[in-house]
Amino acid sequence: MKQYIKNKPVKWGFKLWCRCDAATGYLFEFDLYTGKRTSGIEYGLGESVILQLTRKVEGLGCEIYMDNFFNSPLLQYKLVDQNTKACGTVRINRKYLPKSAPIDRSMKRGDIYTASFHGISYVKWMDNKAVHLLTNFLSPIEIDTVKRRKAGSADKIDVRCPRIVSH
Numbered sequence: 466m467k468q469y470i471k472n473k474p475v476k477w478g479f480k481l482w483c484r485c486d487a488a489t490g491y492l493f494e495f496d497l498y499t500g501k502r503t504s505g506i507e508y509g510l511g512e513s514v515i516l517q518l519t520r521k522v523e524g525l526g527c528e529i530y531m532d533n534f535f536n537s538p539l540l541q542y543k544l545v546d547q548n549t550k551a552c553g554t555v556r557i558n559r560k561y562l563p564k565s566a567p568i569d570r571s572m573k574r575g576d577i578y579t580a581s582f583h584g585i586s587y588v589k590w591m592d593n594k595a596v597h598l599l600t601n602f603l604s605p606i607e608i609d610t611v612k613r614r615k616a617g618s619a620d621k622i623d624v625r626c627p628r629i630v631s632h
């Protein structure tokens with residue numbers, strides 16, 4: 466069943482959820498989205514997809530990585546209970562994220578804000594724009610550097626970066 470996907474260049478297409486190996490690209494499991502389901506309403510669509518695709522690896526201590534469509538503090542708590550390590554970007558309007566994070570205008574490139582709650586770590590890193598991440602297993606305080614272009618030139622500079630980003 467074709468779906469309307471507003472943020473894509475081709476607006477009509479299929480939504481295919483996949484669980485793949487990050488190193489090899491091997492596809493282990495997939496699910497074709499065919500419309501709204503009535504069961505599992507305590508979680509949103511993205512969270513439900515992750516829980517569905519990780520059922521077979523539950524309790525094995527696997528690491529999963531996801532983007533901001535799927536990630537949320539509630540999902541992270543559930544995955545901790547299932548002994549599943551998780552990391553990914555997160556949308557800033559998700560429930561239960563810290564409200565104390567500094568506003569973007571007050572942060573300079575390379576600035577890092579972290580908060581931890583109940584085994585979940587939230588990281589806000591300022592690159593050209595703010596990058597928001599959630600993890601239940603990576604340290605939010607380990608720092609690396611990454612090369613970035615200096616504004617208005619081809620020169621590259623070192624920018625502080627949390628290891629969760631460069632991992």
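Just add 465 to the spot in the sequence shown (first one is 1) and you have our numbering. Cβ coordinates follow ideal geometry from the N, Cα and C atoms, glycine included.
Are the beta-carbon atoms of residue i and residue j separated by less than 8 Å?
i           : j           : result
residue 519 : residue 536 : no
residue 630 : residue 575 : no
residue 530 : residue 487 : yes
residue 598 : residue 611 : no
residue 510 : residue 543 : no
Specify the secondary structure class of residue i as computed by DSSP and reduced to three states.
i           : result
residue 512 : helix
residue 562 : coil
residue 599 : strand
residue 574 : coil
residue 627 : strand
residue 556 : coil
residue 543 : helix
residue 532 : coil
residue 620 : coil
Which residue from the options puts its Cα closest to that of residue i?
i           : options               : result
residue 607 : 620, 594, 590 and 613 : 590
residue 512 : 484, 498, 491 and 541 : 541
residue 577 : 500, 470, 507 and 627 : 627
For residue i, count neighbouring C-beta atoms within 10 Å of its own C-beta (all shown protein chains included) and say buried if the count is 16 or more, exposed if not.
i           : result
residue 586 : buried
residue 472 : exposed
residue 538 : buried
residue 593 : exposed
residue 521 : exposed
residue 601 : buried
residue 562 : buried
residue 656 : Nothing can be reported for residue 656, as the shown portion of the chain is limited to 466 through 632.
residue 499 : exposed
residue 551 : buried
For this session: Counting only runs of 3+ residues fully inside the region 477-501, write out the beta strand (DSSP E) ranges in chain order.
Result: For the beta strand (DSSP E) assignment, the uninterrupted runs of no fewer than 3 residues enclosed by the region 477-501 are, from N- to C-terminal side, 481-485 and 492-497.
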